[in-house]
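Undergrad: In order, the protein sequence lines correspond to chains L and Y.
Residue 1 is where the first sequence starts when you use the UniProt record's numbering, and the numbers rise one by one after that.
Residue 1 is where the second sequence starts when you use the UniProt record's numbering, and the numbers rise one by one after that.
Pasting in a structure now, in structure tokens, and then I'll have a few things to ask.
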Amino acid sequence: MTTSPSDPSGTSDPSDAPGTSGPDAVVDLAVVGAGPAGLAAAVTAAALGLTVALLDAGTRPGGQYYRHPDPVLGAARPEALHHDWTAFAGRAAELRAHARAGRVRYLPGHQVWSVTGSGADWTVHARADEAAARPVRARAVLLATGAYERQLPFPGWTLPGVVGAGGAQAMLKSGLVLPGRRVVVAGSGPLLLAVAASLAAAGARVPAVVEAAGYAPYARHTGTLLRNPGKLVEGAVHGGALLRHRVRPLLRHAVVAAHGTGRVEAVTVARLDRDWRPVPGTGRRVPCDALAVGHGLVPELSLATALGCATRTAADGTVALVLTPGLRTSVPGVWAAGETGGVGGAQLALIEGEIAAHTVAGRAVPAGLARGRERLRAFADVMGAAHRPGPGWTDWLREETAVCRCEEVSAGCVREAVTELGATDARTVKLLTRAGMGWCQGRMCGPAVAALAGDGPAPDRRPLACPVPLRQLAELPPDTPS
Amino acid sequence: MPKRHSSDVVIIGAGVVGAACAYYAARSGLSVTVVDRGPVAGGTTGAGEGNLLVSDKEAGPELDLALLSTRLWRDLSGVLPPETEYEPKGGLVVATGEPALKALRVFAEGQREAGVTATEVPADRLPDLEPHLAPGLAGGFHYPQDAQVQPAQAAARLLAASGAVLHLGEEVTAILRDPAGAVRGVRTARRELLAPAVVNAAGTWGGEVARLAGVRLPVLPRRGFVLVTEPLPRVVRHKVYAADYIADVASGSAALQSSAVVEGTPGGPVLIGATRERVGFDRSLSTEALRRLAAQAAALFPVLADVQVLRAYHGFRPYLPDHLPAIGPDPRVPGLHHACGHEGAGIGLAPATGALTAAALTGAAPPLDPAPFRPERTYGPADDPTQEQQS
Numbered sequence: 001m002t003t004s005p006s007d008p009s010g011t012s013d014p015s016d017a018p019g020t021s022g023p024d025a026v027v028d029l030a031v032v033g034a035g036p037a038g039l040a041a042a043v044t045a046a047a048l049g050l051t052v053a054l055l056d057a058g059t060r061p062g063g064q065y066y067r068h069p070d071p072v073l074g075a076a077r078p079e080a081l082h083h084d085w086t087a088f089a090g091r092a093a094e095l096r097a098h099a100r101a102g103r104v105r106y107l108p109g110h111q112v113w114s115v116t117g118s119g120a121d122w123t124v125h126a127r128a129d130e131a132a133a134r135p136v137r138a139r140a141v142l143l144a145t146g147a148y149e150r151q152l153p154f155p156g157w158t159l160p161g162v163v164g165a166g167g168a169q170a171m172l173k174s175g176l177v178l179p180g181r182r183v184v185v186a187g188s189g190p191l192l193l194a195v196a197a198s199l200a201a202a203g204a205r206v207p208a209v210v211e212a213a214g215y216a217p218y219a220r221h222t223g224t225l226l227r228n229p230g231k232l233v234e235g236a237v238h239g240g241a242l243l244r245h246r247v248r249p250l251l252r253h254a255v256v257a258a259h260g261t262g263r264v265e266a267v268t269v270a271r272l273d274r275d276w277r278p279v280p281g282t283g284r285r286v287p288c289d290a291l292a293v294g295h296g297l298v299p300e301l302s303l304a305t306a307l308g309c310a311t312r313t314a315a316d317g318t319v320a321l322v323l324t325p326g327l328r329t330s331v332p333g334v335w336a337a338g339e340t341g342g343v344g345g346a347q348l349a350l351i352e353g354e355i356a357a358h359t360v361a362g363r364a365v366p367a368g369l370a371r372g373r374e375r376l377r378a379f380a381d382v383m384g385a386a387h388r389p390g391p392g393w394t395d396w397l398r399e400e401t402a403v404c405r406c407e408e409v410s411a412g413c414v415r416e417a418v419t420e421l422g423a424t425d426a427r428t429v430k431l432l433t434r435a436g437m438g439w440c441q442g443r444m445c446g447p448a449v450a451a452l453a454g455d456g457p458a459p460d461r462r463p464l465a466c467p468v469p470l471r472q473l474a475e476l477p478p479d480t481p482s
Numbered sequence: 001m002p003k004r005h006s007s008d009v010v011i012i013g014a015g016v017v018g019a020a021c022a023y024y025a026a027r028s029g030l031s032v033t034v035v036d037r038g039p040v041a042g043g044t045t046g047a048g049e050g051n052l053l054v055s056d057k058e059a060g061p062e063l064d065l066a067l068l069s070t071r072l073w074r075d076l077s078g079v080l081p082p083e084t085e086y087e088p089k090g091g092l093v094v095a096t097g098e099p100a101l102k103a104l105r106v107f108a109e110g111q112r113e114a115g116v117t118a119t120e121v122p123a124d125r126l127p128d129l130e131p132h133l134a135p136g137l138a139g140g141f142h143y144p145q146d147a148q149v150q151p152a153q154a155a156a157r158l159l160a161a162s163g164a165v166l167h168l169g170e171e172v173t174a175i176l177r178d179p180a181g182a183v184r185g186v187r188t189a190r191r192e193l194l195a196p197a198v199v200n201a202a203g204t205w206g207g208e209v210a211r212l213a214g215v216r217l218p219v220l221p222r223r224g225f226v227l228v229t230e231p232l233p234r235v236v237r238h239k240v241y242a243a244d245y246i247a248d249v250a251s252g253s254a255a256l257q258s259s260a261v262v263e264g265t266p267g268g269p270v271l272i273g274a275t276r277e278r279v280g281f282d283r284s285l286s287t288e289a290l291r292r293l294a295a296q297a298a299a300l301f302p303v304l305a306d307v308q309v310l311r312a313y314h315g316f317r318p319y320l321p322d323h324l325p326a327i328g329p330d331p332r333v334p335g336l337h338h339a340c341g342h343e344g345a346g347i348g349l350a351p352a353t354g355a356l357t358a359a360a361l362t363g364a365a366p367p368l369d370p371a372p373f374r375p376e377r378t379y380g381p382a383d384d385p386t387q388e389q390q391s
């Protein structure tokens with residue numbers, strides 16, 4: 001078996017490491033997710049003397065944010081597409097050291113489908129591709145499950161060539177592939193500038209960056225902004241990069257339709273009013289061969305809500321976990337860090353991972369970490385409120401526009417369930433129309449269905465956090481009869 | 001001052017039983033109001049598989065109710081829109097060994113006398129009905145009367161067809177009584193709904209509604225998990241289950257019981273249900289329940305072992321200690337009717353329950369003898385009193 005120094009999964013068989021002594025040993029902490037929050041939590045907890053299991057769906061640590069090319073692609077400088085690469089590289093090196101020393105049982109390629117238990121006795125069930133993964137037992141659990149992209153449907157969004165903004169970024173980071181040669185970037189949120197800059201730097205033409213929000217809400221919070229100079233620099237870097245490529249963001253506009261036969265050939269961009277309603281007569285066509293579109297991120301909470309963790313509606317309109325300053329959820333024994341507590345970016349996630357590791361270990365939280373978290377959370381709230389979708393966006397939809405792509409449920413179908421059949425929430429729309437019952441289990445259509453149902457965002461109800469082969473369920477160890 | 005509305009009957013519960021009561025009451029000429037604290041099909045209906053089964057019921061009052069319902073569902077399928085997905089697919093009960101097959105023969109003989117069509121299928125003919133069944137089964141029985149609907153759609157379409165006035169998202173906080181003690185309507189946070197008759201179709205929460213009227217109805221929750229696979233081409237044609245299921249349905253034990261009922265759906269996914277356990281309203285995932293369902297489904301249909309389970313969900317069946325629903329007027333409170341406690345058979349038994357309720361409301365002759373379902377009957381002790389505390 002060949003091992004690569006940049007690949008901690010290949011260092012040694014972690015299961016025979018001394019500190020975590022065998023695959024069935026109960027660890028102090030199971031961390032779900034090896035993105036910025038989970039990675040930081042795992043290495044910090046190990047440094048504080050805890051035994052840790054780190055389970056991650058990906059094959060390499062870093063999550064969505066620090067996504068990097070497979071070593072076989074031979075990328076010379078994967079860091080070129082990342083800020084703060086050193087923060088990641090340092091922790092990845094620590095992870096390798098802890099795994100070698102047996103303090104961390106690192107389990108890449110393990111997608112967790114359920115966490116069960118209570119108090120100080122938890123079982124983490126994961127699927128691994130080869131076979132049913134052995135359940136991991138732990139005294140505490142940290143959920144660092146990250147986020148996925150918020151999509152708001154529009155006519156034509158199912159055409160080939162329409163990709164998620166985050167998806168376009170991921171394609172670049174992991175495969176160094178461009179979604180097209182002329183790429184319109186649209187949606188809302190700070191990711192758009194980063195995506196447009198990356199695409200332009202990688203050689204794509206970006207005819208327009210279309211941002212649904214205005215930047216005015218930021219101006220009302222200059223104090224918060226000034227306490228976050230790092231974020232300002234980040235914005236200026238992207239802005240500067242875009243100016244070099246002669247791209248200027250179009251504020252208070254949205255892509256309200258994509259056109260093409262077989263593939264996107266153009267989009268219609270229209271001006272929006274305050275509530276994100278398209279202003280009649282302002283639409284104009286922009287030719288392109290790809291569209292990267294996204295409206296920020298949605299916390300991935302399937303595991304947390306299945307455990308009964310309390311939720312709140314965050315400033316950006318998504319559902320996030322209620323957390324204490326020490327990052328405990330409302331369920332004793334379960335912690336969360338990073339995007340699960342409200343989308344706030346990688347820098348905040350790193351800090352939160354370290355804070356959670358301290359409180360799990362029963363240590364005082366270093367004051368610098370607490371201050372950093374407070375400052376970045378305040379910034380995330382300002383940003384979230386600025387980019388929260390206005391209620392008028394549903395005016396983009398036509399009756400025949402697909403809302404749920406997996407089950408091919410149209411906006412008209414959803415509206416009928418609400419107006420004619422007595423659905424007053426997203427769950428009942430799902431029961432009546434199958435919207436959200438397909439492969440993605442409502443991750444793609446959830447925000448749209450909730451908006452059409454006139455319902456606030458509802459916490460996820462996914463007792464299985466991901467698909468599981470039937471055989472793996474059938475081969476679970478049976479409960480000992482009581 | 002809350003607003004007041006008057007109708008002939010107020011039905012509490014917008015699940016499939018409440019919807020069927022509304023439909024048949026309206027067809028009998030009554031003006032109907034339906035009130036529910038949640039949306040349509042928000043409780044056990046929305047967690048159901050849509051089973052319309054006669055095969056799992058032994059000869060007796062529940063089977064009579066099921067047979068009447070079978071006829072009524074067939075009639076309804078001509079009236080309700082196709083989204084209801086009525087499918088008379090038939091059931092196939094298989095026996096894993098010779099003793100189970102013998103027991104099944106006795107069981108089916110009793111059902112035949114009550115009017116059920118049950119045809120024995122020898123082991124070598126099983127593949128004609130279900131090509132993907134595991135080899136080595138002892139034989140089985142085919143029940144052509146078993147059928148299926150999409151439960152949430154069935155409830156919503158019945159309600160729409162009833163023309164009833166709907167108040168959703170409004171919890172009933174009081175049953176209004178006149179000085180003589182007779183029912184005169186219900187109160188919600190937003191209004192008073194006046195009517196000389198109130199139907200308790202609150203399913204698993206029917207005991208709470210009864211309490212509002214000052215009477216006891218010992219409805220208990222019995223949890224069930226269902227697994228849903230990825231969409232598949234039609235690999236399962238009937239409702240297929242092993243004969244053990246019948247023993248589980250009739251059992252009142254609190255312990256986890258399971259024998260997988262496997263069936264395909266028009267949407268493509270295969271449904272695998274359902275466990276039965278009495279754990280109160282516990283919403284946490286039981287991996288043991290999932291394990292047993294998955295193992296049993298794979299034992300019946302080995303081809304399913306390699307498919308993906310996309311989701312799992314649970315519901316709480318409304319359960320009365322003697323395993324019969326409570327249907328009819330409650331002599332303790334004039335004007336109060338009950339239509340709840342159907343356990344796992346509410347979708348199937350809904351039309352007959354609606355027809356019985358409508359007859360009781362209008363004084364018409366009942367379509368079958370309602371006496372076994374009298375709400376004020378003696379239920380006897382719950383099988384496990386310690387579990388009852390959790391309801």
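The beta-carbon is built from N, C-alpha and C at its ideal position, and this holds for glycine as well.
1. I'd like to know if Val106 of chain Y contacts chain L, where contact means its C-beta is closer than 9 Å to some C-beta of that chain.
2. Under 8 Å: do the region 4-23 of chain Y and the region 132-145 of chain Y share three or more Cβ pairs, one atom per stretch?
3. I'd like to know whether the C-beta of Gln390 of chain Y is nearer than 9 Å to at least one C-beta of chain L.
4. Please compile the residues from chain L whose C-beta is within a distance smaller than 7 Å of the C-beta of Arg291 of chain Y.
5. Compute the Euclidean distance between the alpha carbons of Thr173 of chain Y and Glu208 of chain Y, then round it to the nearest angstrom.
6. Between Val195 of chain L and Ala168 of chain L, is the Cβ-Cβ spacing less than 9 Å?
7. Quick check on Val17 of chain Y - is its C-beta less than 9 Å from some C-beta in chain L?
8. When Cβ atoms are compared, which residues of the region 260-293 of chain Y fall closer than 9 Å to chain L?
9. Within the 9 Å Cβ cut-off, does Gln441 of chain L reach chain Y?
10. Starting from His125 of chain L, find everything on chain Y with Cβ-Cβ shorter than 8 Å and list it in chain order.
11. Taking the alpha carbon of Val112 of chain L as the reference point, which residue from L:Glu475, L:Cys466 and L:Val293 has its own alpha carbon closest?
12. With His358 of chain L as the anchor, note down where its alpha helix (DSSP H) starts and where it stops.
13. Would you tell me roughly how many angstroms separate the C-alpha atoms of Ala356 of chain L and Glu94 of chain L, rounded to the nearest one?
14. Taking the C-alpha atoms as reference points, what is the distance between Asp129 of chain L and Tyr106 of chain L?
15. Tell me, please, whether the CB atom of Thr329 of chain L is closer than 9 Å to any CB atom in chain Y?
16. Please list the terminal residues of the continuous alpha helix (DSSP H) segment that includes Thr224 of chain L.
17. For His259 of chain L, which residues does DSSP report across the bridge?
18. Which residues in chain Y have a C-beta closer than 7 Å to the C-beta of Arg462 of chain L? List them in chain order.
19. Who are the near neighbours of Ser114 of chain L in its chain, counting only those whose CB is closer than 6 Å to its CB and skipping five residues on each side?
20. Could you compute how far the alpha carbon of Leu92 of chain Y sits from the alpha carbon of Thr229 of chain Y?
21. Pair every Cβ in the region 79-97 of chain Y with every Cβ in the region 359-377 of chain Y, then say whether three or more of these pairs are closer than 8 Å.
22. Give the interface partners of Ala305 of chain Y over in chain L, defined as CB-CB distance under 9 Å, in chain order.
23. Suppose contacts are defined by Cβ-Cβ distances below 9 Å. Is residue 416 of chain Y in contact with Val116 of chain Y by that definition?
24. Between which residues of its own chain and Ala365 of chain Y is the CB-CB distance below 8 Å, once the five residues before and five after are set aside?
25. Return the residue from the list L:Glu399, L:Gly353, L:Arg127 and L:Arg252 that minimises the CA-CA distance to Asp273 of chain L.
26. Please decide whether Leu166 of chain Y counts as near chain L, where near means a Cβ-Cβ distance under 9 Å.
27. Compile a chain-ordered list of the residues in the region 218-235 of chain Y whose CB is closer than 9 Å to at least one CB of chain L.
28. When the Cβ atoms of the region 272-280 of chain Y are set against those of the region 220-238 of chain Y, are three or more pairs found closer than 8 Å?
29. If I measure Cβ to Cβ from Thr204 of chain Y and keep anything under 6 Å in the same chain, skipping five residues before and after, which residues do I get?
30. Specify whether the region 426-438 of chain L and the region 380-391 of chain L touch according to this definition: at least 3 beta carbon pairs, one from each stretch, less than 8 Å apart.
31. So what's Thr394 of chain L in DSSP terms, helix, strand or just coil?
32. Using a cut-off of 9 Å between C-beta atoms, extract the partners of Glu234 of chain L located in chain Y.
33. What are the residues that DSSP puts in a beta bridge with Phe281 of chain Y?
34. For the alpha helix (DSSP H) holding Asp273 of chain L, just list the boundary residues, first then last.
35. Is the Cβ-Cβ distance between Ile12 of chain Y and Val186 of chain Y less than 9 Å?
36. Run the CB neighbour count on Phe281 of chain Y, radius 10 Å, all protein chains shown included, and call it buried at 16 or more, exposed below.
TA: According to the structure shown:
1. So no, Val106 of chain Y is outside the interface.
2. no
3. For Gln390 of chain Y, the pLDDT reaches just 32, beneath the cut-off of 50, and the residue's location in the model is therefore unreliable, although a value from the coordinates is still provided. Not closer than 9 Å to any Cβ of chain L, the Cβ of Gln390 of chain Y fails to qualify, so no.
4. Neighbours of Arg291 of chain Y on chain L, chain order: Leu473, Ala474, Leu476 and Pro478.
5. 10 Å
6. yes
7. No, its Cβ sits nowhere closer than 9 Å to a Cβ of chain L.
8. Gly267, Pro269, Ile272, Arg283, Ser284, Leu285, Ser286, Thr287, Glu288, Leu290, Arg291, Arg292 and Leu293
9. yes
10. Thr287
11. L:Cys466
12. Ala346 to Val360
13. 17 Å
14. 16 Å
15. Chain Y contact via Cβ: absent.
16. Thr222 to Leu226
17. L:Ala266
18. Arg311
19. His125
20. 20 Å
21. no
22. Pro469, Leu470, Arg471 and Ala474
23. Outside the modelled stretch of chain Y, which goes from 1 to 391, sits residue 416 of chain Y, for which no answer is possible.
24. Ala359
25. L:Arg252
26. yes
27. Phe225, Leu227, Val228, Thr229, Glu230 and Pro231
28. Flag = yes, the region 272-280 of chain Y and the region 220-238 of chain Y touch.
29. Annotation for Thr204 of chain Y: Thr44, Pro221, Phe316 and Pro318 place their beta carbon closer than 6 Å to its own, counting only its chain and skipping 5 residues before and after.
30. no
31. helix
32. Under the 9 Å cutoff, chain Y gives no residues; its nearest Cβ is about 38 Å from Glu234 of chain L.
33. DSSP lists Y:Val279 as the beta-bridge partner residues of Phe281 of chain Y.
34. Element bounds for Asp273 of chain L: n/a, residue is neither H nor E.
35. yes
36. exposed
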